[in-house]
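Residues in the sequence shown are numbered consecutively from 5, following our numbering. For every residue, glycine included, the Cβ atom is placed at its ideal position computed from N, Cα and C. Accompanying notes for the structure given below.
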Amino acid sequence: MKKYSGNKVSTAIFISGRGTNLKSLISFSHKKISPIKIDLVFSNKRKASGLKFAKEKKIKILLLNEKFFYNSERKLVKILNEKNIELICLAGFMKILSSSFIKRFKGRIINIHPSLLPKYKGLNTHKRVLEKKENYTGCSVHFVNSKLDSGKIILQKKVKILKKDNEKKLAKRVLSLEHKLYPQAIMKIFS
Ligand code: GAR
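Okay, here's the thing in structure tokens:
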């Protein structure tokens, strides 16, 4: 991405659920130092509770038919283009985007994942990390390519696994790191 010159980049956030990363990105976007402004929140789930954060700040919300998501992708592209969206941040977006969609926005889609990629791609990361008795885990922000959780890593944060950790405790600690990491990764791609 081009170095931030003072004109905030029009950004869309894609979510599917609770949206705590969306919430943290919204408050980051309001800061003067933020290179992004959030012009659209897209959810593939009508009932995603995280949509409330967009509503509170009067950010435009887009919902498309869940069952026919792939047919809706064309409509999604049209709206992203109409709104001149330059950056797409996936934040707990649990749908795999088609390779043609990814190609169209090449280098402009980023994702946050709750593990130290390339380890533990996919779902249930904390459960698998604990089962493997890892000493550390963390979170990663990466560019999205056509393979799941595999694009170039932008930034990672590491967290030590404690003896008393269970899945819930670990998920909570990693999530609070995620809320710091995503804004830092965005700053990095525009620096
Ligand atoms: C976050 O932990 C995010 O890293 C993860 O979903 C959660 C969404 O939480 N994403 C993935 O697992 C993507 N592979 P949130 O809705 O509260 O931001």
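Boundaries of the beta strand (DSSP E) around residue 45: 40 to 47.
Residue state for residue 116 is assigned as strand, using DSSP reduced to three classes.
Just measuring C-alpha positions, the residue of 15, 134, 67 and 46 sitting nearest residue 173 is 134. Between ligand 1 and residue 24, a heavy atom-to-CB distance of less than 6 Å is present. Rounded to the nearest angstrom, the gap between the Cα atoms of residue 64 and residue 82 is 15 Å.
The straight-line gap separating the alpha-carbon atoms of residue 189 and residue 101 is approximately 21 Å.
With a 10 Å radius around the Cβ and a threshold of 16 neighbouring Cβ atoms, residue 112 comes out buried. By the CB criterion at 7 Å, residue 182 and residue 116 fall inside the cutoff. In this structure, residue 21 sits away from residue 57, with a CB-CB distance that is not shorter than 7 Å.
Boundaries for residue 109: no beta strand (DSSP E) harbours it, and the DSSP string shows neither H nor E there.
Contact annotation, residue 124 with residue 132: C-beta distance approximately 6 Å; criterion of less than 8 Å satisfied. Scanning 161, 5 and 26 for the CA closest to the CA of residue 97 turns up 26.
The closest heavy atom of ligand 1 lies 6 Å or more from the beta carbon of residue 146.
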